[in-house]
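Below: the structure, in structure tokens.
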Amino acid sequence: MLIATAGHIDHGKTSLVRALSGLETDRLPEEKARGISIDLGFAHWRPAGSPPIAFVDVPGHEKFVRNMLAGVGGVDFALVVVAADDGIMPQTIEHLRILDLLGIARAIVALTKIDRVEPDRVAEVAAEVEALLAGTTMAGAPVFPVASPSGAGIPELAAALIAAAAEQAPLRAGLFRLGIDKFFTVTGAGTVATGTVLSGTVTTGDQLMLSPRGRQVRVRGLQSAGEAATSVGAGQRCALNLSGVEVDDLHRGDWLVAPALHAPTTRIEALVRLAPEREAPLRHATPVHLHIGTAAIPGRVLLRRQSPIQPGGEAAARIVLDHPTLCVTGERFVLRDQSGRELIGGGRVLDPYAPARRPRGQDREGVLAALATFDPVTALERLLALPGLEIDRTWFERCFALEPDQAETLYALCEAEAVGRDHATLIGTARLAALGEAVTALLGAWHGEHPESGGMTLREIRLRLTPPVSADLAAALIRRLTAAGQVAQSGPLIRLPHHVPRFSAAETALWQELVDVFGERRPQQISIPDLARELRSTEGAVRTLLYRRRLNGDVWSIADGRFMLREHVAALAASAARLAADHPEGFSAAQFRDATGIGRNLVIRVLEFFDRIGITGRRGDVRVMRPDYETIVGEAQPVVPEK
Numbered sequence: 001m002l003i004a005t006a007g008h009i010d011h012g013k014t015s016l017v018r019a020l021s022g023l024e025t026d027r028l029p030e031e032k033a034r035g036i037s038i039d040l041g042f043a044h045w046r047p048a049g050s051p052p053i054a055f056v057d058v059p060g061h062e063k064f065v066r067n068m069l070a071g072v073g074g075v076d077f078a079l080v081v082v083a084a085d086d087g088i089m090p091q092t093i094e095h096l097r098i099l100d101l102l103g104i105a106r107a108i109v110a111l112t113k114i115d116r117v118e119p120d121r122v123a124e125v126a127a128e129v130e131a132l133l134a135g136t137t138m139a140g141a142p143v144f145p146v147a148s149p150s151g152a153g154i155p156e157l158a159a160a161l162i163a164a165a166a167e168q169a170p171l172r173a174g175l176f177r178l179g180i181d182k183f184f185t186v187t188g189a190g191t192v193a194t195g196t197v198l199s200g201t202v203t204t205g206d207q208l209m210l211s212p213r214g215r216q217v218r219v220r221g222l223q224s225a226g227e228a229a230t231s232v233g234a235g236q237r238c239a240l241n242l243s244g245v246e247v248d249d250l251h252r253g254d255w256l257v258a259p260a261l262h263a264p265t266t267r268i269e270a271l272v273r274l275a276p277e278r279e280a281p282l283r284h285a286t287p288v289h290l291h292i293g294t295a296a297i298p299g300r301v302l303l304r305r306q307s308p309i310q311p312g313g314e315a316a317a318r319i320v321l322d323h324p325t326l327c328v329t330g331e332r333f334v335l336r337d338q339s340g341r342e343l344i345g346g347g348r349v350l351d352p353y354a355p356a357r358r359p360r361g362q363d364r365e366g367v368l369a370a371l372a373t374f375d376p377v378t379a380l381e382r383l384l385a386l387p388g389l390e391i392d393r394t395w396f397e398r399c400f401a402l403e404p405d406q407a408e409t410l411y412a413l414c415e416a417e418a419v420g421r422d423h424a425t426l427i428g429t430a431r432l433a434a435l436g437e438a439v440t441a442l443l444g445a446w447h448g449e450h451p452e453s454g455g456m457t458l459r460e461i462r463l464r465l466t467p468p469v470s471a472d473l474a475a476a477l478i479r480r481l482t483a484a485g486q487v488a489q490s491g492p493l494i495r496l497p498h499h500v501p502r503f504s505a506a507e508t509a510l511w512q513e514l515v516d517v518f519g520e521r522r523p524q525q526i527s528i529p530d531l532a533r534e535l536r537s538t539e540g541a542v543r544t545l546l547y548r549r550r551l552n553g554d555v556w557s558i559a560d561g562r563f564m565l566r567e568h569v570a571a572l573a574a575s576a577a578r579l580a581a582d583h584p585e586g587f588s589a590a591q592f593r594d595a596t597g598i599g600r601n602l603v604i605r606v607l608e609f610f611d612r613i614g615i616t617g618r619r620g621d622v623r624v625m626r627p628d629y630e631t632i633v634g635e636a637q638p639v640v641p642e643k
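Mapped onto UniProt numbering, the consecutive letters of the sequence shown carry residue numbers 1 to 643.
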């Protein structure tokens with residue numbers, strides 16, 4: 001169990017920890033000289049027959065509250081220290097407010113220095129403390145009068161802490177996360193970082209990411225509770241001997257995380273609560289310091305509809321940070337003002353990766369309400385129930401720091417399936433079945449209205465569904481339906497398996513002539529006047545044929561009045577895909593011309609057509625290729641340029 005002390009300067013926090021554990025937490029020469037704690041101090045206590053207990057001794061001076069905040073993230077228990085002679089003081093109140101905002105509910109009050117006052121004063125201060133705790137997460141915490149120098153009351157306090165450690169909740173599973181609070185060099189060992197494990201387990205030899213800096217490090221050795229360890233789990237203090245990083249590369253506020261969690265963010269959507277003692281409301285775009293984990297980061301609070309939060313009130317808000325950090329859904333934080341001196345409030349993270357703009361068609365309020373349950377099972381159930389929502393699997397697993405096995409168990413429990421490219425989209429099994437039925441119904445209606453058509457394109461299908469689905473989900477859906485024999489695909493067109501397009505004998509004969517003329521040639525565009533002359537037919541007949549064959553997927557309209565055979569489009573797309581594989585940064589129009597041997601004017605027309613149908617994307621003067629382009633244009637061998 002990890003216990004944080006809390007209380008005003010010179011109320012005896014360090015002396016109390018020494019009396020309980022036998023260890024000194026003031027290590028800095030300045031701390032010893034001045035008799036006050038300036039930075040975080042740590043002590044480990046191993047009572048007989050009890051789980052190990054670690055203390056985080058935080059500074060009580062108002063100038064060092066920032067250091068105090070770096071130490072209380074991840075603690076399980078608060079030891080509130082109030083001197084009987086002074087009573088409640090300003091830092092007592094601020095520390096208690098911080099613990100309340102961080103949701104720390106398990107606490108004990110140590111009423112120190114009882115040897116300096118009369119019994120009536122002890123009872124008076126105890127009553128004041130109980131009244132102060134009322135209405136906070138620590139309401140009803142027991143009060144233990146003690147005197148550290150004489151040891152009075154220490155055995156009773158120790159017994160209560162040991163009993164609390166025995167009732168400690170199970171370790172928090174998930175991917176490994178640790179916020180760095182101290183770092184130093186050990187002769188003969190190298191770089192060491194310390195912190196509290198917030199979730200997961202770390203083992204000697206593990207590869208971790210130093211985040212948000214993006215440095216990969218290796219764990220050479222571990223210590224916990226002052227002893228060497230092979231693995232350390234959530235809720236424990238931990239010292240990690242690291243390779244791959246120098247001590248100058250580390251900073252308080254950095255994170256050591258499992259590689260899958262390395263995703264720095266500067267936009268957080270959160271539930272923000274304003275401290276009730278604030279005299280003014282929290283207004284839109286107020287500059288703040290966000291204290292989260294061991295970090296303190298400047299930023300601004302952006303309020304929904306710019307509506308101020310009143311003292312004691314709570315509302316969803318966006319926090320935009322000046323520097324990136326890491327966090328997960330449900331993580332608690334504290335907000336202080338721009339100067340870092342006054343407490344504003346605190347809250348819990350909803351979406352650690354808030355989008356820059358509201359996603360089109362997304363029920364954003366519904367998403368945030370689901371995340372506000374702070375439970376992955378309930379959150380996923382509610383997200384799956386939102387109409388039209390396609391859940392980004394990586395986003396969801398990072399929000400809750402889920403290990404792969406945890407995620408798979410959760411998906412089975414909630415009847416969710418991972419579909420699409422790289423199985424990146426989560427969707428409910430029932431909704432997937434309903435979408436399949438909607439697609440077959442859509443195709444049946446289309447065949448009835450357009451018997452000459454070979455089917456519908458993927459784009460036509462996905463945009464006609466209600467609500468429309470993404471191209472990635474639509475492609476995954478069609479693959480599943482094809483594998484089940486419920487639909488068939490010919491080139492870019494999707495149809496019901498029994499459907500056969502209907503053409504007259506004259507149309508079939510004219511089409512065969514067109515294929516005989518152009519099929520064996522190199523890819524080229526077909527214009528209606530040129531084709532009419534070549535086939536000795538009328539422009540009207542050719543136009544009707546080409547438009548009907550376009551519905552059948554046999555030709556593409558690459559520009560106004562310009563057509564190209566399906567197999568030629570597929571071959572040119574295959575050439576573009578080969579170029580894209582050789583040039584991951586993008587290929588130019590000139591490179592495409594050289595790879596295909598077609599003229600510059602046709603190159604530009606074809607590439608602009610590819611952009612329109614979504615198989616290429618332009619980035620400046622180059623283009624990149626969509627990996628699953630064959631689901632749109634069909635398969636073919638690349639064009640071989642003429643020598």
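Even glycine gets a Cβ: it sits at the ideal position worked out from N, Cα and C.
Kindly indicate the opening and closing residues of the beta strand (DSSP E) around residue i.
i	result
residue 529	Taken as a continuous stretch (DSSP letters only), residue 529 belongs to no beta strand (DSSP E), being part of the alpha helix (DSSP H) at 528-535.
residue 238	237-243
residue 135	Segment: none, residue 135 is in no beta strand (DSSP E) and carries neither H nor E.
residue 299	295-303
residue 310	Segment: none, residue 310 is in no beta strand (DSSP E) and carries neither H nor E.
residue 179	177-186
residue 267	265-274
Buried or exposed for residue i, please, with buried defined as at least 16 other CB atoms from any protein chain shown within 10 angstroms of its CB.
i	result
residue 413	exposed
residue 557	exposed
residue 506	exposed
residue 207	exposed
residue 273	buried
residue 382	buried
residue 237	buried
residue 5	buried
residue 512	exposed
residue 203	exposed
residue 33	Note that residue 33 scores a pLDDT of 40, beneath 50, so its modelled location is shaky and nothing firm can be said.
residue 377	exposed
residue 498	exposed
residue 466	exposed
residue 186	exposed
Nearest by alpha-carbon distance to residue i: which of the options is it?
i	options	result
residue 242	283, 189, 230	189
residue 421	439, 394, 135	394
residue 446	92, 492, 496	496
residue 250	316, 295, 291	295
residue 517	564, 500, 478	564
residue 521	489, 466, 641, 610	641
residue 550	575, 452, 57	452
residue 49	632, 540, 159	159
residue 103	117, 125, 135	135
residue 23	54, 308, 81, 555	54
What distance in whole Å lies between the Cβ atoms of residue j and residue i, which are believed to be in contact at a cut-off of 8 Å?
i	j	result
residue 644	residue 150	Because the chain here runs from 1 to 643, residue 644 falls outside it and cannot be looked at.
residue 75	residue 180	No, residue 75 and residue 180 are not in contact; Cβ-Cβ is about 16 Å, not under 8 Å.
residue 319	residue 301	6 Å
residue 729	residue 292	The displayed coordinates of the chain run from 1 to 643. Any statement about residue 729 would go beyond what the structure contains.
residue 374	residue 348	7 Å
Over what stretch of residues does the alpha helix (DSSP H) that includes residue i continue unbroken?
i	result
residue 154	154-166
residue 407	404-414
residue 509	505-518
residue 396	393-399
residue 632	630-633
residue 606	600-613
residue 591	589-596
residue 461	458-464
residue 11	That residue, residue 11, is in no alpha helix (DSSP H); it is neither H nor E in DSSP.
residue 482	471-483
residue 638	Per DSSP, residue 638 belongs to no alpha helix (DSSP H) and is neither H nor E.
residue 622	First-last for residue 622: 622-625, but that is the beta strand (DSSP E), not the alpha helix (DSSP H).
What residues are listed by DSSP as bridge partners for residue i?
i	result
residue 287	300
residue 292	295
residue 233	201
residue 557	563
residue 448	Answer is none; residue 448 lacks a bridge partner.
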